[in-house]
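Undergrad:
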Amino acid sequence: TKEQTWSQRFESALHPAIARFNASIGFDIELIEYDLTGSQAHAKMLAHTGIISATEGEKLVAGLEQIRQEYHQGKFHPGIDAEDVHFAVERRLTEIVGDIGKKLHTARSRNDQVGTDTRLYLRDQIQQIKQQLREFQGVLVDIAEQHIETLIPGYTHLQRAQPLSLAHHLLAYFQMAQRDWERLGDVYRRVNISPLGCGALAGTTFPIDRHYTAELLNFDRVYENSLDGVSDRDFAIEFLCAASLIMVHLSRLSEEIILWSSEEFRFVTLKDSCSTGSSIMPQKKNPDVPELIRGKTGRIFGHLQAMLVIMKGLPLAYNKDLQEDKEGLFDSVNTVKACLEAMTILLAEGLEFRTQRLAAAVAEDFSNATDVADYLAARGVPFREAYNLVGKVVKTSIAAGKLLKDLTLEEWQQLHPAFAVDIYEAISPYQVVAARNSYGGTGFAQVRKALLAARTQIAQQ
Ligand code: ARG
2 TKEQTWSQRF
12 ESALHPAIAR
22 FNASIGFDIE
32 LIEYDLTGSQ
42 AHAKMLAHTG
52 IISATEGEKL
62 VAGLEQIRQE
72 YHQGKFHPGI
82 DAEDVHFAVE
92 RRLTEIVGDI
102 GKKLHTARSR
112 NDQVGTDTRL
122 YLRDQIQQIK
132 QQLREFQGVL
142 VDIAEQHIET
152 LIPGYTHLQR
162 AQPLSLAHHL
172 LAYFQMAQRD
182 WERLGDVYRR
192 VNISPLGCGA
202 LAGTTFPIDR
212 HYTAELLNFD
222 RVYENSLDGV
232 SDRDFAIEFL
242 CAASLIMVHL
252 SRLSEEIILW
262 SSEEFRFVTL
272 KDSCSTGSSI
282 MPQKKNPDVP
292 ELIRGKTGRI
302 FGHLQAMLVI
312 MKGLPLAYNK
322 DLQEDKEGLF
332 DSVNTVKACL
342 EAMTILLAEG
352 LEFRTQRLAA
362 AVAEDFSNAT
372 DVADYLAARG
382 VPFREAYNLV
392 GKVVKTSIAA
402 GKLLKDLTLE
412 EWQQLHPAFA
422 VDIYEAISPY
432 QVVAARNSYG
442 GTGFAQVRKA
452 LLAARTQIAQ
462 Q
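If you read the sequence shown in the UniProt record's numbering, its first letter stands for residue 2, the second for the next number, and so on.
#1: Less than 7 Å between the CB of Asp233 and some heavy atom of the ligand ARG, yes or no?
#2: Exposed or buried, Arg441, counting other C-beta atoms within 10 Å across all chains shown (16 or more means buried)?
#3: Rounded to a whole number of angstroms, what is the C-alpha to C-alpha distance between Ser245 and Ser252?
#4: Using the three-state DSSP reduction, which class does Val223 fall into: helix, strand or coil?
#5: Which complete alpha helix (DSSP H) runs does the region 166-248 hold, if anything under 4 residues is left out?
#6: Start and end of the beta strand (DSSP E) containing Glu411?
#7: Per DSSP, which residues does Tyr122 bridge with? Please list them.
#8: Let me know the alpha helix (DSSP H) ranges lying completely inside the UniProt domain "Argininosuccinate lyase C-terminal" (367-435), each 4 residues or longer, listed in chain order.
#9: Assign Phe11 to one of two classes, buried (16 or more other C-beta atoms within 10 Å of its C-beta) or exposed (fewer than that).
#10: Tell me the rounded alpha-carbon separation between Gly99 and Thr56.
#11: Roughly how many angstroms separate the alpha carbons of Gln132 and Gln462, rounded to a whole number?
#12: Leaving out the 5 sequence neighbours to the left and right, which residues in its chain are closer than 7 Å to Cys242 when beta-carbon positions are compared?
#13: Rounded to whole angstroms, what is the Cα-Cα separation between Lys104 and Ile53?
#14: Compare the Cα-Cα distances from Ala330 to each of Arg124, Ala108, Gly51 and Ala63 and report the closest residue.
#15: Can you tell me the Cβ-Cβ gap for Arg191 and Glu225, rounded? I've got them flagged as a contact below 8 Å.
#16: Short check: CB of Thr65 to CB of Leu37, under 8 Å?
#17: Cβ atoms of Thr345 and Ile301: under 8 Å apart, would you say?
#18: Using beta-carbon positions only, say whether Phe268 and Ile144 come within less than 8 Å of one another.
#19: Can you name, in chain order, every residue of its own chain whose Cβ lies under 8 Å from the Cβ of Glu365, other than the five neighbours on each side?
#20: Strictly by DSSP, which residues pair up with Leu61?
#21: Return the first residue and the last residue of the beta strand (DSSP E) that Leu352 is part of.
#22: How would you write the range of the alpha helix (DSSP H) that Ile459 sits in, first residue to last?
#23: I want to know whether the region 170-180 touches the region 84-101 - three or more CB-CB distances under 8 Å.
#24: Can you tell me which residues form a DSSP beta bridge with Asn438?
#25: I'd like to know if the region 270-290 and the region 200-210 are in contact, where contact means that at least 3 CB-CB pairs between them fall below 8 Å.
#26: Name the residue from Asn219, Ser398, Lys272 and Phe236 whose alpha carbon lies nearest to the alpha carbon of Tyr35.
#27: According to the Cβ coordinates, are Leu377 and Ala370 closer than 8 Å?
#28: Have a look at the DSSP bridge pairing and note the partners of Thr277.
#29: Is the beta carbon of Arg358 closer than 8 Å to that of Ile149?
#30: If distances are taken between C-alpha atoms only, which option among Leu47, Lys76 and Ala24 comes closest to Ile101?
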């Protein structure tokens with residue numbers, strides 16, 4: 002096996018198990034493209050500032066490009082002895098361009114290097130996830146548009162509360178996704194800061210130009226303090242927070258879909274393309290997709306928790322603990338992307354709302370009781386008094402096995418003389434929803450406005 006890059010300082014070789022334990026190449030190979038790009042920027046800067054010659058700079062950049070080709074062609078397979086992606090690249094570069102390759106690491110440390118790579122990686126991933134959120138929002142809007150006047154029971158405490166436009170319900174998820182999209186944009190601003198040139202911790206004796214590399218790599222700015230630059234993982238934690246909230250939202254939607262598809266609700270039918278069967282119960286059709294999304298949520302919360310714990314006791318600056326930032330971050334990125342994709346497909350083509358069943362559901366409960374109280378209150382009865390009256394009617398109706406719509410006009414008028422025949426219209430489910438026309442409410446006019454606004458919002462990239 003090859004020698005470690007740092008072996009000259011050591012008397013004897015690393016124990017093979019410890020070499021495996023120490024190595025990150027098994028997972029940080031994921032960063033290779035960013036490592037190459039970051040190193041190319043560094044090489045250009047070394048030439049630009051005269052720290053190396055222009056020809057040397059060109060050779061380094063070309064050699065790094067060759068490694069990129071080799072990697073794309075599936076020909077770059079560094080082993081455990083390379084330790085990590087940074088050493089693997091430097092070693093291969095030296096094989097390709099000869100001793101000049103050994104100049105690449107001038108005025109740089111793996112500490113600022115790995116920070117640069119991770120930020121470049123996360124920057125790309127954030128843009129991809131934002132795009133996926135837009136697609137998810139697009140599907141929500143498409144379905145909402147078809148269901149403006151489809152009514153669905155609205156719940157509080159999972160008890161029937163007031164009926165809603167199904168579009169309004171779906172647009173609530175649109176709004177959560179909108180905040181997620183904005184939050185990622187906000188996180189991005191703190192991901193997109195260059196630590197390159199912070200060196201190991203203290204800066205460097207060479208006349209480097211940090212702003213030059215930052216510009217080449219499209220960073221918005223550079224870390225102002227070299228010690229902070231190599232120590233900081235706030236950006237990863239912030240991303241994990243944003244990812245956790247995306248998962249909270251997907252998980253709540255998943256939970257609702259699981260409930261809705263149950264025999265008890267029967268609000269949606271799962272299509273065959275997105276559900277699976279049982280090995281023993283022939284009748285089963287299971288909502289695996291939303292269940293998996295709900296379940297995977299735990300992983301992301303775990304990664305967030307792990308990252309917080311990794312950081313909390315770390316003295317400045319780099320400590321090997323920081324190598325533990327990567328697997329959780331990569332897994333979170335991959336999991337969020339997979340869940341967003343699956344949920345978008347599930348909504349777009351994996352489930353159907355049972356509109357007849359939904360229409361029946363909103364007609365068979367007391368979720369219009371508030372509207373009776375509002376009816377009286379609008380006619381001058383103090384709301385609390387009206388509320389108490391209706392509470393009594395609900396109690397006696399339940400005892401008599403009746404719904405509010407079954408009461409005769411005489412019964413209404415015995416209760417209060419303000420009732421007239423228009424009470425029946427006022428408590429019909431359609432009218433109950435239509436009447437909630439306050440800003441942001443479920444009234445159809447509001448929902449139509451919200452849909453228009455949503456369309457405008459997702460056009461913004
Ligand atoms: N593989 C290391 C990591 O992922 C790279 C940085 C190593 N730096 C060091 N001083 N040992 O964190």
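Cβ coordinates follow ideal geometry from the N, Cα and C atoms, glycine included.
TA: According to the data block:
#1: False, no ligand heavy atom lies under 7 Å from that Cβ.
#2: Strictly speaking, residue 441 in this sequence is Gly, with Arg absent from that position. Exposed, because fewer than 16 other Cβ atoms sit within 10 Å of the Cβ of Gly441.
#3: Per the coordinates, the alpha-carbon of Ser245 lies some 10 Å from the alpha-carbon of Ser252.
#4: Strand at Val223.
#5: Fully enclosed alpha helix (DSSP H) runs of 4 or longer: 167-192, 211-217 and 227-232.
#6: Unbroken run through Glu411 is the alpha helix (DSSP H), Leu410 to Leu416; no beta strand (DSSP E).
#7: Per the DSSP secondary-structure output, Tyr122 pairs with nothing in a beta bridge.
#8: Counting whole runs of 4 or more residues, the UniProt domain "Argininosuccinate lyase C-terminal" (367-435) contains the alpha helix (DSSP H) stretches 370-379, 384-401, 410-416, 424-427 and 430-435.
#9: Counting other Cβ atoms within 10 Å of its Cβ, Phe11 stays below 16 and is therefore classed as exposed.
#10: The alpha-carbon atoms of Gly99 and Thr56 are separated by roughly 13 Å.
#11: Here the alpha carbons of Gln462 and Gln132 stand approximately 8 Å from one another.
#12: Leu305.
#13: For Lys104 and Ile53, the distance between alpha carbons rounds to 8 Å.
#14: Here residue 330 turns out to be Leu, not Ala, going by the sequence shown. Closest in alpha carbon position to Leu330, among Arg124, Ala108, Gly51 and Ala63, is Arg124.
#15: In this structure, Arg191 and Glu225 do not form a Cβ contact; the two beta carbons are roughly 13 Å apart against a cut-off of 8 Å.
#16: As written in the sequence, residue 65 is Leu, which differs from the Thr given in the question. Their beta carbons are under 8 Å apart, which means Leu65 touches Leu37 by this criterion.
#17: The Cβ atoms of Ile301 and Thr345 lie no closer than 8 Å to each other.
#18: By the CB criterion at 8 Å, Phe268 and Ile144 fall outside the cutoff.
#19: Only Leu404 meet the Cβ criterion.
#20: In DSSP, Leu61 forms no bridge with anything.
#21: In the DSSP annotation of this structure, the continuous segment of the beta strand (DSSP E) that includes Leu352 starts and ends at Leu352 to Phe354.
#22: Phe445 to Ala460 is the span of the alpha helix (DSSP H), which, as asked, contains Ile459.
#23: The region 84-101 and the region 170-180 do not touch, with fewer than three beta-carbon pairs separated by less than 8 Å.
#24: Per the DSSP secondary-structure output, Asn438 pairs with nothing in a beta bridge.
#25: Cβ pair count under 8 Å is below three, so no.
#26: Closest in alpha carbon position to Tyr35, among Asn219, Ser398, Lys272 and Phe236, is Asn219.
#27: The answer is no: Cβ separation not under 8 Å.
#28: Within the DSSP secondary-structure output, Thr277 pairs in a beta bridge with Asn287.
#29: Judged by their CB atoms, Ile149 and Arg358 are not nearer to each other than the 8 Å cut-off.
#30: Each of Leu47, Lys76 and Ala24 was checked against the Cα of Ile101, and the nearest Cα belongs to Leu47.
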